[in-house]
Amino acid sequence: MVPPTISYEEFQHLIAQRSGALLRASSFLVAYGQSPKILTRPLLGELLFQSTQLEELLDAYGARTNSLWEQFRSLVAAIKLFSYVSYELLHIQHSIPAYRLLDIGEDFEKHTVEAIAFTESILAEAARRLLEEAERLHLPVPEIDLPEEYYSERLPPGRLPHDLDTRKLDAVSQTISMLATSFLNLAAECKQWLPKDSMKTDTQLCDYIGPLREDKLRSFELRFHNLQSLYDTYVSTTETEGVDPEIPVLRGHISVVLHLLRIARDFAHYIERHAGPYRIHLPPGRKRLVEPEVLLRVMLNYSIHFVIQYLNSAENLCRLMLHRYTEIGSVEVPVPPYRGFHVRPSTLIANIVLHYGSDVTMELDGKTYDAKAPLHLFRANEEINAHKRRDIADEIIRMNLIPADSDQQDIPSLIRSILMTLAEYNKLIIYEKPLHIEPTPPDKNVPLLKLVMDEIIRLQAAGKIDIFTDTKVRFIGDKRVLADIELLARHSYGEDLFGNNIPLPDGLEYLRYYR
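Numbering-wise (the working numbering), the sequence shown opens with residue 2 and increments by one.
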């Protein structure tokens, strides 16, 4: 059923009743906007609350698609968005000491003050335009009957004493390890996706608006919010948090990244919704509230830049924490089916270990290999190939593939027949067809099995065949690293039997960052 149409007079009367508080706060901002530190959390809270409820009312009556009210509604939405962003920036500014952020070699507080000044200028211009629209729509603007200090925020120094008993939870160390692991995984994914360079003056807007989509930023924001919630639920106010001074530092980095992502998300929203290719229509002669390139530049050079900086600085912290809270275990996995520990599987394993920063070793036949060094893992192929040769020789004997009455007149044909039979029974794989067998002169002093094995070894070394084996290796170290290695092994180390790359499973997305 189509709702009835409300008259402009009735709607104007309704909005006049409901917009007074927002118009008064906007007038206050315009009147005192040049005063230092006029932008406070009490003022922003008032702007945010009033614009939120007014925008909802306007949308309920279809103001977004009405030519008379669309501009007014757009400015209300802009005040809501930039009030929220400014509130987030003030939160960061006030929380910097409590975050205990690691040194990144830049003055983050100074850049935050500059970002606040930027959003304040946008907010003041939006407020000024809103008052103009109110006058055009014949909405009464209340007199400013508030003193300049009405929204001031006087904050005496100090904090309340921490006098509540700390909690003692048995699983805190496991939660901290999980937090550090999740942070590392999420950091790798973020850094792979987020732009790493500042926006150049000649860069096209479309070069960045694709990667910096609101939906993707919102996804990262929610995942960091989940990390913060996990910390606050299971780690905050525990004995472990009080004993280890680095644990609250991790919480501070999670929080600052979360708030920076929220700011970037809202900047992206404004560009996409209000200033991008699908923006609303502007009246003739009216400029945009803020140019998208300017907003994007601040987004990149402040929000995204410091997200990456604090992700980088906290990664080493997470690895140090994992060393302290690591649970040691072991796991047995099959060797890579294609050529053993060659470049790809060895590099993937090493990157898993490096990602967590833990010490993990691999054992085979009593020998130990450093799992974070691909060259160490390469050396294991000598033992693996020895296993393969013993296994295939045993299979040739077990399957009786060399008849006792065989002569040595046609050794190549015998070898080819043996290889085809072994391939048919999935004991080896042939990569080259037709397979060239080296002619071997008969020698009654050399057993046929040795001649056959010599040719198999030559073909394997040349990469023309490979031998299947059920040989397994054992990894020892951090259980989280072992879980990822086991997951990689279950997915054939990221390649098929012919050495072609196959997609990595969910849970190992961070390995793409190391490519």
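Think of the CB as a built atom: it goes at the ideal place given N, C-alpha and C, for glycine as much as any other residue.
{"Item": "If I'm right that S28 touches I117 with Cβ under 8 Å, what's the distance once you round it to whole angstroms?", "Value": "Between I117 and S28 the Cβ distance is about 21 Å, and since that is not below 8 Å, they are no contact."}
{"Item": "Which same chain residues end up closer than 8 Å to V236 when comparing Cβ atoms and leaving out the 5 residues on each side of it in sequence?", "Value": "V173, T176, I177, L180, E242, I248, R252"}
{"Item": "Among residues of its own chain, excluding the 5 on either side of Y494, which ones have a beta-carbon nearer than 6 Å to its beta-carbon?", "Value": "P337, P346"}
{"Item": "Counting Cβ pairs closer than 8 Å, one from the region 87-98 and one from the region 106-113, do we hit at least three?", "Value": "yes"}
{"Item": "Out of A381, P37, P375, H260, state which residue places its alpha-carbon closest to the alpha-carbon of E472.", "Value": "The amino acid at residue 472 is misidentified as Glu; the sequence shows Thr. The option with the nearest alpha carbon to T472 is A381."}
{"Item": "By how many angstroms is the C-alpha of L378 removed from the C-alpha of K465?", "Value": "22 Å"}
{"Item": "With a 10 Å radius around its C-beta and 16 neighbouring C-beta atoms as the bar for buried, classify S36 as buried or exposed.", "Value": "exposed"}
{"Item": "Could you say which of Y33, L187, E487, D479 lies nearest to N313 if we only look at CA atoms?", "Value": "L187"}
{"Item": "Mapping DSSP to helix, strand and coil, what is V334?", "Value": "strand"}
{"Item": "Once DSSP output is grouped into helix, strand and coil, what is the label at D60?", "Value": "helix"}
{"Item": "Could you give the residue range of the beta strand (DSSP E) that holds I503?", "Value": "No beta strand (DSSP E) holds I503; DSSP gives it neither H nor E."}
{"Item": "For a quick check, are the C-beta atoms of L323 and R481 less than 9 Å apart?", "Value": "yes"}
{"Item": "For Y215, which residues from the same chain have a beta carbon less than 7 Å from its beta carbon, with the 5 sequence-adjacent residues on both sides left out?", "Value": "Here the sequence assigns Glu to residue 215, which means Tyr is not the residue at that position. Taken in chain order, the residues that qualify are R266, A269, H270, E273."}
{"Item": "Contact check, L423 vs I393 under 8 Å by CB: the rounded distance?", "Value": "7 Å"}
{"Item": "Between the region 355-370 and the region 475-490, are three or more C-beta pairs nearer than 8 Å?", "Value": "yes"}
{"Item": "If you count every other CB in all the chains shown that lies within 10 Å of the CB of L429, and 16 or more means buried, which is it?", "Value": "buried"}
{"Item": "Could you round the C-beta distance between Y100 and S230 to whole angstroms and report it? I think they count as a contact, below 8 Å.", "Value": "Not confirmed; about 17 Å, so no contact."}
{"Item": "Determine the direct distance from the alpha carbon of D366 to that of L259, and round the result to whole angstroms.", "Value": "48 Å"}
{"Item": "Apart from the five residues just before and just after E56, which ones in its own chain have a Cβ nearer than 8 Å to its Cβ?", "Value": "R74, V77, A78, K81"}
{"Item": "Name, in chain order, the residues that DSSP records as bridge partners for D166.", "Value": "DSSP lists no partner for D166."}
{"Item": "Could you give the DSSP three-state label for D371: helix, strand or coil?", "Value": "strand"}
{"Item": "Got a sec, what are the start and stop residues for the alpha helix (DSSP H) L423 sits in?", "Value": "412-425"}
{"Item": "Taking the beta carbon of Y434 as the centre, do at least 16 other beta carbons fall within 10 Å, making it buried, or is it exposed?", "Value": "The sequence given here has Lys at residue 434, not Tyr. K434 comes out exposed."}
{"Item": "Can you tell me the Cα-Cα spacing of T238 and R168, whole angstroms?", "Value": "6 Å"}
{"Item": "Which two residues bound the contiguous beta strand (DSSP E) that contains E364?", "Value": "362-365"}
{"Item": "Extract the residue ranges of the alpha helix (DSSP H) inside the region 444-469, only unbroken runs of 4 or more that lie entirely within it.", "Value": "449-462"}
{"Item": "Sort R263, V250, S183, T234 by Cα distance to K217 and report the nearest one.", "Value": "R263"}
{"Item": "Classify V447: buried if its beta carbon has 16 or more other beta carbons within 10 angstroms, exposed otherwise.", "Value": "exposed"}
{"Item": "Quick check: E136 and V142, are their CB atoms within less than 9 Å of each other?", "Value": "yes"}
{"Item": "As a quick exercise: from T41, Q18, A64, T470, pick the residue whose alpha carbon is nearest that of I7.", "Value": "A64"}
{"Item": "I need the boundaries of the beta strand (DSSP E) containing R533, first residue and last residue.", "Value": "Not covered by the structure: residue 533. The range shown for the chain is 2 to 516."}
{"Item": "Can you check DSSP and say which residues form a bridge with T239?", "Value": "R168"}
{"Item": "Going by C-alpha distance, which of Y426, N427, P157, L420 is nearest L450?", "Value": "L420"}
{"Item": "Between Y357 and D479, which are expected to be in contact by the criterion C-beta below 8 Å, what is the C-beta distance as a whole number of angstroms?", "Value": "6 Å"}
{"Item": "On the DSSP bridge assignment, give the partners of H429 in chain order.", "Value": "First, the amino acid is wrong: residue 429 is Leu here, not His. DSSP output for L429 lists I468 as bridge partner(s)."}
{"Item": "Can the beta-carbon of Y426 be found closer than 9 Å to that of M454?", "Value": "no"}
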